[in-house]
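Numbering (UniProt numbering), first residue to last: 1 to 318.
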């Protein structure tokens, strides 16, 4: 599963992990989140209905991931040897699923591969962390101006990105600098990847997902915070935390020391909270100065710096 506001078609290069796994003989299934152009269907709502966008990490991890895994099992006839690989938000929703259904996850999954895990984002060093305390104000302004479609609908988002970022090389550079503030300096992204990335980015998501992510920056990895409605929904004033210590699926965790979004400190904190049976395969650190969060997707040296190690591990695991 890819990061937030991404989709599988934006990950097109030859060193994309899915292609490397496919070349190695694995049957690879790519998931797309609700709200992306590949997942806009609904039995009775359209993307123009605000109710369509009423979802957070909870719905993705508790409803969508089990449904995806069910499809994979049905189509392949395989159970118990599925490897779940997530990057950034992809790790978040995987952990939501496995901590909520630990027995099912243990029965279905052979391995978790968590790359740049986001659960939570307490030690984020990106300047965007400064916006997290004002998340409710920012999102209420967006929604009160009926901008939910712009912030959530894939087509509208892509149109804005194209208009601003692809108009000229100068504007393209400015857009990359804005992205740098979140992920870290983009020294690893090949020049020919930049226009394709900006043409696809960002994919659709909901304002609730954005707020849920901001809550993780404020040191809460748990169910969505409904404020005064929490007591009615959860029976507590604060939303319940997701307890990752109940997860027993063996986990391979990978992080980069120069990741500004999902930091080494947060990765180690998550690893410490996992159960002993989940920690049997340990951690892998990409200790390279100019390798950051997004380089796991687009870095020109990602294969030699990270994925060769993962592929060798998976080969030994088989």
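In this text, a Cβ means the ideal position worked out from N, Cα and C, and glycines have one as well.
Judged by DSSP secondary structure, residue 68 falls within the alpha helix (DSSP H) whose first and last residues are 65 to 76. Counting only residues of its own chain and dropping the five nearest sequence neighbours on each side, residue 63 has no CB closer than 8 Å to any other CB. If you look at residue 285, you'll find it in the beta strand (DSSP E) that goes 283 to 286. The Cβ-Cβ distance between residue 290 and residue 120 does not fall below 8 Å. One thing to note: residue 258 has its Cβ within 8 Å of the Cβ of residue 292. Under DSSP, the beta-bridge partners assigned to residue 251 are 112. In this structure residue 235 is not in contact with residue 37, their Cβ atoms being roughly 38 Å apart against a cut-off of 8 Å. Relative to the Cα of residue 21, the nearest Cα in the group 218, 84, 188 belongs to 84. DSSP places residue 87 inside the beta strand (DSSP E), whose first and last residues are 82 to 87. Between the alpha carbons of residue 28 and residue 170 lies a distance of about 38 Å. Residue 73 and residue 81 have their C-alpha atoms spaced approximately 10 Å apart.
Secondary structure note for residue 169: its alpha helix (DSSP H) is the uninterrupted segment 169 to 183.
For the set 261, 287, 309, the Cα lying nearest the Cα of residue 129 is the one of 261. Spanning the alpha carbons of residue 78 and residue 114 requires a straight line of approximately 22 Å. In this structure, DSSP gives residue 119 a state outside helix and strand, which the three-state scheme calls coil. At a cut-off of 3 residues, the continuous stretches assigned as beta strand (DSSP E) that sit fully inside the stretch 264 to 318 are 283 to 286. Scanning 305, 219, 180, 276 for the CA closest to the CA of residue 133 turns up 219. DSSP places residue 261 outside both helix and strand once states are collapsed to three, so it counts as coil. Remark: C-beta atoms of residue 287 and residue 99 do not approach each other more closely than 8 Å. For the pair residue 270 and residue 117, the Cα-to-Cα distance works out to about 8 Å. Residue 225 counts as buried, since no fewer than 16 other beta carbons sit within 10 angstroms of its beta carbon.
Counting C-beta atoms within 10 angstroms of its own C-beta, residue 60 has 16 or more neighbours from the protein chains shown and is therefore classed as buried. Cβ atoms of residue 245 and residue 273 come within 8 Å of each other, at about 6 Å. Residue pairing by DSSP puts residue 222 in a beta bridge opposite 241.
Residue nearest to residue 222 within the set 127, 207, 238 is 238 (criterion: CA-CA distance).
In terms of Cβ geometry, residue 300 and residue 190 form a close pair [threshold 8 Å]. Going by DSSP, residue 214 is part of the alpha helix (DSSP H) stretching over 207 to 217. When DSSP states are grouped into helix, strand and coil, residue 256 belongs to the strand group.
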